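Okay, so the sequence shown: first residue is 13 according to this note's numbering, each after it adds one. Okay, so here's the structure we're looking at.
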Amino acid sequence: MYLLLGCGSIGHRVASHLKSNIVIIEKNKDKVKVLEDEGFRVIGGNFTTKAILKRAGIKNAKAVLILTKDSKLNRKVVEIVRNLNTEVPIISFGDDGEFPSDVIVINPSDAIASIVLSKLEEIDEHKKFSKFRRILSNCTRLAIVLQDNPDPDAIACGLALKRIAEHFDKSAEIMYGGEIGHEENKALVNMLGIKLIPISEVDLRDFSHIALVDTAIPGENNSLPRNAKVNIVIDHHPVDAERIKAEYVDIRSNVGAASTILTEYLLKLKIDIPEDIATALFYGIKTDTQNFTRGVTPEDLKALVVLYPKANHDLLAKIQTPSMSAETLDVLAEAIRNRKIEGSILLSNVGFIRNRDTLPQAAEYLLNLEGISTVIVYGLAKDVVHLSGRNKDIRINLGEMMEKAFGDIGEAGGHARAAAAKIPLGLFGSVTDKETLLRLADEAIMDRVLKVFGVKKK
């Protein structure tokens, strides 16, 4: 049973929620009768009196709620209650610094201000989302462009946005640059029957609107022309907002995956989430948070609560355990053979590759080596050196490290535990022989990585 001391308007609302599980102490006789008529258990008397508190059952109370507007009176009552019961949790209105540390203090002014600010945020969000709906309403055909070599989070977001467009009776196609290379990504696309179109096969002039998901700036980590007009951007990667030119922008670096944002959209629009989309979105959040161990936020958890019962977990198990291709096995072998270790950092140049998605798979495998906390694996594909890194040292943000090491000569970024970069091979020298250039790149990459990590080369 809970004990309520001070039954004003707020106290009455609290009591109404707890009803049969609360005892109220009230000294006003007329109010006692009204409360009793409403079905509450009421003890008539002054709650500063020990005998009244004992009669109300202070010894067995689950918690005591002191909700008067008089902070000085509340402090006095706290002392009386604590003398009668040293362990009962106490919640009181008042100012934080004026009460013992074991009392949960609520400042009514702060609470009201917080509610007002929350409502203002809701107004802003509603206005912003109305713009999203208006853009889709005016759209005739939507091009949904994913990041190059899309991962499960990007693929899931594309699928969800396509479902939203169809809800508005609009045609939409999901397109990407690069390859669907990682074995698990191929399994996701194949087992869920997701239709993805290489952007090289598309004429963007056939589409009235363009959306970027899980990527934000045309031509950066996506195959859109740099001057492309983008209507919608939805992403969760940190980016300079001033560089984004789009009608509608929703970038939240405070969530673990873009799939969380698209799940919220489906719920806001009251669109039923079918099994295939729930499975993809669930897997998108799972992979981008590295099995829910990296950067999981309350928003991600809310999305997972919705998606988990709708997802096909037997299918997810198959997606997560696909067969390994011969090419992936060859790259892994090269990564093991060519590994160089400096302290707890492992670097490996795997040479020429056809599929850049073999690199993160090799990096993830090598991270299991004893004594290794950071791995960077790199190789050459189509005149570009691709780097993939994995990290388990909690003191290091690998995304920031990659940006410091390679941001001035290429594209780099990521998260604390996973990051990537790509650098034009020509930046490492003027000779035309690719093998010679790759050797030069090998030395430059190692020097740059060790420098930002503050490690001296042996």
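Every residue gets a Cβ at the ideal spot worked out from N, C-alpha and C, and that includes glycine. Keep in mind the model is a prediction, meaning the values are calculated, not measured.
For MET203, the closest of PRO164, ARG175 and ILE186 by C-alpha to C-alpha distance is PRO164. DSSP places TYR277 within a helical segment (H, G or I) once states are collapsed to three.
Checking the DSSP bridge columns, you'll see TYR320 has no partner listed. The Cβ-Cβ distance between VAL467 and GLY355 falls below 8 Å. When rounded, the separation of the alpha-carbon atoms in ARG175 and THR275 is 11 Å.
A direct Cα-to-Cα measurement between ILE135 and ALA269 gives close to 24 Å. In this structure, the straight-line span from the alpha carbon of ALA453 to that of GLU412 is close to 21 Å.
LEU129 counts as exposed, since fewer than 16 other C-beta atoms from the protein chains shown sit within 10 angstroms of its C-beta. DSSP links ALA430 through a beta bridge to ARG402. Annotated three-state conformation of ASP160 is coil, per DSSP.
Looking only at GLU133, ARG407, CYS151 and ASN197, the smallest Cα-Cα distance to ASN161 is reached by ASN197.
Annotation: ASP107 to ASN95 spans about 21 Å, alpha carbon to alpha carbon. The residues GLY268, THR301 and HIS427, in chain order, have a CB closer than 7 Å to that of GLY307 in the same chain once the five nearest residues on each side in sequence are set aside.
Per DSSP, the unbroken beta strand (DSSP E) holding THR386 starts and ends at 386-393. Comparing alpha carbon positions, the residue from SER265, GLU259, ALA323 and SER271 closest to ASP288 is ALA323.
Selection VAL157, ARG368 and GLY231 evaluated against ILE244 yields VAL157 as nearest (Cα-Cα). The three-state reading of DSSP puts ALA269 in coil, since its state is none of H, G, I, E or B. By DSSP's assignment, ALA184 forms a beta bridge with LEU154.
When DSSP states are grouped into helix, strand and coil, VAL251 belongs to the coil group. In the DSSP annotation of this structure, the continuous segment of the beta strand (DSSP E) that includes ASN361 starts and ends at 357-364. When the five nearest sequence neighbours on each side are left out, the beta carbons in the same chain lying within less than 6 Å of the beta carbon of GLY190 are those of ASP160 and ASN161, in order along the chain.
Within 10 angstroms of the beta-carbon of SER360 lie 16 or more other beta-carbons, which makes it buried.
Just measuring C-alpha positions, the residue of LYS39, HIS29 and ILE70 sitting nearest GLY51 is HIS29.
Contact check for ALA68 against ILE37 passes: the beta carbons are separated by less than 8 Å. In this structure, ALA347 lies away from ALA329, with their beta-carbon atoms at least 8 Å apart.
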